[in-house]
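No gaps in the numbering here: position 259 of the sequence shown is 304 in my numbering, and each next residue is one more. Beneath this line is the structure, given in structure tokens, with notes to follow.
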Amino acid sequence: MQKKRILIICGEASGELHAANLAQKILQINPNIEISGVGGTLLARCGVNVFYDIKNLSAFGLFDVLKKLPRFIALKKIVLEKIKEIKPDLVILVDFSGFNLRVAKRIASSIPIIYYISPQVWASRIGRVKTIKKYIRKMLVIFKFEEKFYKKYGIDAEFVGHPLLDTVKPQEEKKAFLDKLGLSENKTTIALLPGSRKQEIENVLPIMLRACGLIARNKHDAQFVIAKSNYVDQGIYNRITGKFNLDLKIIEGRAYDCLNIASFCLVCSGTATLETAIMQKPFCIIYKMNALNYLLYRPQVKVPYIGMVNLVAGEKIVPEFIQYNASPKKIADYVIGILDDPQKLNDIKIKLAAVKNSLGENGASSRAAKIIVDFLGL
């Protein structure tokens, strides 16, 4: 039997994590499938032939997209040439909708396309639903409400559960990790997750650090850890943190261990909000972008919350300090108030546990992989 070929395309750190887990499960079911892709080291480690590295590909805001437009145009040409060369039996798109849907338009007439990790069209740019219906054969979605949303428009969608349930696990016991960092188990540890993009970190981390300075004045036992993204240079963190006199540690590639040791977390809006919820750690959401980008994007958002954890819960269970409301004093006052109120802390943890339970059962990547292998007729 002729080997089946898959081409997988992702463009950002969170998408690559899910793409890598999916590819790994596909190859476990059928090692004879050949997978090529746009990705990074995670995909490569899973046996994918990565022909384009996504490092520095992520764009933040309209002006960053425009600045990187030549790169996206070049990548589209590379992808289309690769498709012509290897003639894949299936293309899998993972998030990264601005680019991926443009590719879909060019290839859907000749190659079936499955979309894994849906674009958030239910939150903004709902017009993209028409594009998805026209060009995408099947949506594999990670939230139950997404399945209902797509079926309303006559799109074949299947809920597989959330893949983070399988991956959000600390590598070390809490005490062992604290000891390794030279931190005390008896102090109040606050974890900062300022995002995975350079622009996010430059916008959000200074706000977090100013808030931490205010918290430290009230909580003299406070100690701080920053979960560093593998995709952002250490020098950016050093430059920003160097302006603040804080007892803090910058830790690379150990976000779940940072969450595990935390009493409270300051989290940039994005995938990390769900990761923190799965770890059932009390937190608040902080987000800020270029003022003009905000003015352009805000009218397009049609949902009441920016944080996925609040959208899944259907209520604001964690506060959102967004743009002009992202005041270090407001953030610090909230954190101090929560840390001083054990009952409120417990109530938040109960609600976060309910969010985690609503994400489905473990094994999302395996279920998605089986659907894909079955789709290929193997």
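Even for Gly, the Cβ is constructed at its ideal location relative to N, Cα and C. Being a predicted model, the structure only gives us computed values, none of them experimental.
Taking Tyr195 as reference, the option from Leu210, Thr176, Leu209, Asp211 with the minimal CA-CA separation is Thr176. Beta bridge pairing from DSSP links Ile296 with Ala272. Scanning Leu356, Ile376, Val186, Trp167 for the CA closest to the CA of Leu397 turns up Leu356.
Using a 10 angstroms sphere on the CB of Gly280, the tally of other CB atoms stays under 16, which defines it as exposed. Every unbroken stretch of the beta strand (DSSP E) spanning 3 or more residues and falling wholly within the segment 162-199 is given here in chain order: 183-186. The beta-carbon distance between Glu61 and Gly85, rounded to whole angstroms, is 5 Å. This is short enough to meet the 8 Å contact definition. Distance check between Ile128 and each of Asp140, Phe96, Val139 places Phe96 closest, using alpha-carbon atoms only. Taking each of Val186, Cys303, Lys179 in turn and checking the Cα distance to Tyr161, the smallest one comes out for Val186.
Residue state for Ile137 is assigned as strand, using DSSP reduced to three classes. DSSP places Ala307 in the coil class of the three-state scheme, outside both helix and strand.
Counting along the chain, Glu79 sits inside the beta strand (DSSP E) bounded by residues 79-84. Close CB contacts of Leu88 within its chain, under the 7 Å cut and outside five residues either way in sequence, are with Glu61, Ala64, Ala65, Ala68, Gly82, Val95 (chain order).
In the structure shown, the three-state DSSP call for Glu245 is helix. Asn94 sits in a strand when the DSSP states are folded into three classes. Under the 10 Å beta carbon count, Arg242 is surrounded by 16 or more other beta carbons and is classified as buried. Residue pairing for Thr233: DSSP places it in a beta bridge opposite Ala267. When the alpha-carbon of Ile137 is set against those of Arg170, Ile118, Ile80, Tyr301, the nearest one is in Ile80. Membership of Ile416 in the alpha helix (DSSP H) is indicated by the continuous run 409-420. 8 Å or more divides the Cβ of Ile53 from the Cβ of Val124. Rounded to the nearest angstrom, the gap between the Cα atoms of Pro157 and Leu209 is 26 Å.
Taking 8 Å as the cut-off, the beta carbon of Lys394 is found closer than this to the beta carbon of Pro327. If you draw a straight line from the Cα of Ser274 to the Cα of Ala236, it comes to about 13 Å.
Taking the Cα positions, Ile118 is about 17 Å away from Glu57. Here Leu114 is exposed. Its C-beta has fewer than 16 other C-beta atoms within 10 Å. Of the candidates Lys374, Ser155, Lys112, Arg151, Ser155 places its Cα closest to the Cα of Pro133.
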